[in-house]
Amino acid sequence: MTYMKLKKNGFGGPTPKFPLGNIVEMKKISTSSTSSGSLNFSNDIHPTVLPYFAQWQKSHGKVFIYWLGTEPFLYIAEPEFLKKMSTGVMGKSWGKPDVFKNDRKPMFGNGLNMAEGDDWAMTSLMVESTTNMLDKWGALVNSGYKEIDVEREIIAIAGEIIAKTSFGIGYEDGREVIEKLRAMQYTLFKTNRYVGVPFSKLLCPKQSLKAKSLGKEIDDLLLSIIRDRKKSKNGGKLQKDLLGFLLGENHEDGQLGKTLTTRELVDECKTFFFGGYETTALALSWSLLLLAMHPQWQNRLRDEIKQIIGDKEIDFSMLAGLKKMEWVWNEVLRLYPSSPNVQRQTRDDITVNELTVPKGTNVWIDLVAMHHDPNLWGEDVYEFKPERFKDDLYGGCKHKMGFLPFGFGGRMCVGRNLAMMEYKVVLSLILTRFSFSVSPTYSHSPSIMLSLRPSLGLPLVIHPLCN
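For the sequence shown, the residue numbers in the numbering used here are 201 to 667.
This is the structure we're talking about:
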């Protein structure tokens, strides 16, 4: 038994109670630390978004066992342990925990981490969608509405961009997929959950049925999109986007090596659709908040945009020159990682020093904890300081495994280059046309609902810039 092997190897942790494991204790700790948001802004978010892990660390250190139902998890917030565990481990020795694959199947199916295409000539589509959004902002401001919930706006525009650039579909179809994915996200991650508990679907029948129904609706939408694309081919070349890549029978360089079944196509589309808009949208949302809190960085980025892009239209070749914007991107992903944790399951025994992590062990890697660890980042760990990334890809972190905004190893997030491109295009256009400050109505309420997001919205006061 995996748990007995881990216990025998000396891994401690909170005491579980059958059949819920530590779920009751987790809910109790979360309830006692939950607030309706705070007017006092702080980037020290780990005790707020993952309070049970923050509390257990004090008693059990940064590596311990906890339980979701009858499933034991090895919790890791120690980069050196993670490094030793992953050293020499091939990608096939890691996988996604079966318990999460089953729990999230209505949302993601069995989607893989897909390879990226070689040529993403999509900048003009990003500019078009973002410009339309900013024109709407301008009209709202001229009508007297100066406060805008930027998270809601950015989520919508990111969904439109991923629909156009990766699937070649219009705004309406893309919006419908995004709305249903967000409804699924709320259903699976916002309500009471009993992941890992035997017969958990029977404990929450309404939730399970709603998730299944939404999953089928999303499948039907994507099947319709796939069928329309296949019909439009008519013996000619497939469109060069993600969907065209997935539909291709002979993939270049043997990246996939086989034609995907319809079921696999749908699952891949769901995975990429969700990940493709969430990562960038949340990075942009948190960036706008932090830039609103630090207007001097708005000005620094505008100066860089003026120097690199000037009055010309944004071109893909220009984006690499926006170095300070990359610093901001990295600092935002450090403080507010879109994916706050990484889950793995070992496919083979892995030895760390003289300890053996047995095959089949579920692993939970706490990125928020490592990204906010003063022992790794120093006393200014909670400060927004993009310049820490000026001459250091790891921002001065004392351990390279302590900064993992896109995961690690062979299963790193494959959409990172596309996400960075979209981030730079959208943020450049926003900063060129508007300045912004935090609304008096904003309440700081980061929370985890699969991803790390502002649970009460993100209202900012928008100010048009004079040409």
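Glycine residues also receive a C-beta, built at the ideal position from the N, C-alpha and C atoms.
Check: Bridge partners of E328, per DSSP?
Finding: Answer by DSSP bridge pairing: none, since E328 is not bridged.
Next item on the list: Could you tell me whether the segment 348–367 touches the segment 239–246, using the rule of 3 or more Cβ pairs below 8 Å?
Entry: Three or more Cβ pairs closer than 8 Å define a contact, and the segment 348–367 falls short of that threshold against the segment 239–246.
Notebook entry, point to check: Taking buried to mean at least 16 other C-beta atoms within 10 Å of its own C-beta, is W573 buried or exposed?
Noted result: Position check: residue 573 holds Asp in this sequence, whereas Trp was assumed. Result: buried.
Notebook entry, point to check: Near S639, what residues of its chain come up, given a Cβ to Cβ distance below 7 Å and the 5 sequence neighbours on each side ignored?
Noted result: In its chain, beyond the 5 residues on either side, E347, P659, L660, V661 have a beta carbon closer than 7 Å to the beta carbon of S639.
Next item on the list: Assign G261 to one of three DSSP states: helix, strand, or coil.
Entry: DSSP places G261 in coil when its eight states are reduced to three.
Margin query: For I223 and D298, what's the separation of their Cα atoms in angstroms?
Written below: In a straight line, the C-alpha of I223 is about 18 Å away from that of D298.
Margin query: Just to check my reading of the structure: L206 and L274 have Cβ atoms closer than 8 Å, yes? What is that Cβ distance to the nearest angstrom?
Written below: Contact annotation, L206 with L274: C-beta distance approximately 7 Å; criterion of less than 8 Å satisfied.
Checklist line | Extent of the continuous alpha helix (DSSP H) to which F516 belongs | finding: Counting along the chain, F516 sits inside no alpha helix (DSSP H), nor does DSSP assign it H or E at all.
Notebook entry, point to check: What is the rounded straight-line gap between the Cα of H246 and the Cα of M285?
Noted result: Spanning the two alpha carbons is a distance of roughly 24 Å.
Note to self: Using 9 Å as the threshold, is the C-beta distance between L465 and L447 below it?
What the structure shows: Yes. Within cutoff.
Notebook entry, point to check: Does DSSP put Q545 in a helix, a strand or coil?
Noted result: Three-state DSSP puts Q545 in a strand.
Check: Can you tell me the Cα-Cα spacing of K598 and F634, whole angstroms?
Finding: The alpha-carbon atoms of K598 and F634 are separated by roughly 37 Å.
Notebook entry, point to check: Expressed to the nearest angstrom, what Euclidean distance is found between the alpha-carbon atoms of L250 and S232?
Noted result: So the two alpha carbons sit approximately 12 Å from each other.
Margin query: Going by beta-carbon coordinates alone, are P540 and L567 separated by less than 9 Å?
Written below: Taking 9 Å as the Cβ cut-off, P540 and L567 qualify as a contacting pair.
Item checked: E278 versus S259 - alpha carbon distance -> Whole-angstrom Cα-Cα distance: 15 Å.
Note to self: Less than 6 Å between C-beta atoms, sequence neighbours within five positions excluded: which residues of the same chain meet that for C469?
What the structure shows: Sequence-distant partners of C469 (beyond 5 residues in either direction) whose C-beta falls short of 6 Å from its own C-beta, in its chain, are L422.
Notebook entry, point to check: In terms of DSSP beta bridges, what is W486 paired with?
Noted result: Looking at the DSSP assignment, W486 forms no beta bridge with any residue, so it has no partner.
Margin query: Does the segment 375–387 come into contact with the segment 510–518, if we say contact requires no fewer than three beta-carbon pairs (one atom in each stretch) closer than 8 Å?
Written below: Contact between the segment 375–387 and the segment 510–518 is not established, with fewer than three Cβ pairs separated by less than 8 Å.
Margin query: Count Cβ pairs between the segment 322–336 and the segment 586–595 that sit closer than 8 Å; are there 3 or more?
Written below: No: fewer than three Cβ pairs fall under 8 Å.
Check: In the DSSP assignment, what residue or residues form a beta bridge with W564?
Finding: In the DSSP assignment, the residues bridged to W564 are Y275, Q543.
Check: If you pair each beta-carbon of the segment 480–494 with each one of the segment 640–658, do three or more pairs fall below 8 Å?
Finding: Verdict: yes, contact present.
Note to self: Suppose contacts are defined by Cβ-Cβ distances below 9 Å. Is Y536 in contact with D244 by that definition?
What the structure shows: D244 is positioned such that its CB atom lies no closer than 9 Å to that of Y536.
Checklist line | Spatial distance of Y477 from E271 (CA atoms) | finding: Straight-line Cα distance between these residues: approximately 31 Å.
Item checked: Environment of Q496 [buried if 16+ CB atoms lie within 10 Å] -> Looking at its Cβ environment, which holds fewer than 16 other Cβ atoms inside 10 Å, Q496 is exposed.
Margin query: Assuming T632 is part of the alpha helix (DSSP H), what are its boundary residues?
Written below: For T632, the enclosing alpha helix (DSSP H) begins and ends at 616–633.
Note to self: Strictly by DSSP, which residues pair up with I648?
What the structure shows: I648 pairs with L652.
Margin query: Per DSSP, what are the beta-bridge partners of L660 in this structure?
Written below: I348, V638, per the DSSP bridge assignment.
Notebook entry, point to check: Hey, how far is the Cα of T480 from the Cα of K208?
Noted result: Near 42 Å, if we compare the C-alpha coordinates of K208 and T480.
Check: Helix, strand or coil: which one does DSSP assign to T287?
Finding: Here T287 sits in coil by DSSP.
Next item on the list: Assign P214 to one of two classes, buried (16 or more other C-beta atoms within 10 Å of its C-beta) or exposed (fewer than that).
Entry: Its Cβ being crowded by 16 or more others within 10 Å, P214 is buried.
Margin query: Checking 9 Å against the spacing of the C-beta atoms, do A363 and F473 come in under that value?
Written below: A contact, by the Cβ cut-off of 9 Å.
Margin query: With H, G and I counted as helix, E and B as strand and the rest as coil, what does DSSP make of G457?
Written below: With a pLDDT of only 49 at G457, under the threshold of 50, the placement of this residue in the model should not be trusted, and no figure is reported.
Next item on the list: Buried or exposed for R427, please, with buried defined as at least 16 other CB atoms from any protein chain shown within 10 angstroms of its CB.
Entry: Residue environment for R427: exposed (fewer than 16 other C-beta atoms within 10 angstroms of its C-beta).
Item checked: Distance between I508 and I514 (C-alpha atoms, nearest Å) -> Rounded to whole angstroms, I514 to I508 spans 10 Å at the Cα level.
Checklist line | Integer Cβ distance of G560 from T551, believed to fall under 8 Å | finding: The Cβ separation is near 15 Å, so there is no contact.
Checklist line | In chain order, each alpha helix (DSSP H) run of at least 4 residues that lies wholly inside the segment 568–612 | finding: Runs of the alpha helix (DSSP H) spanning 4 or more residues and lying entirely within the segment 568–612 occur at 574–577, in chain order.
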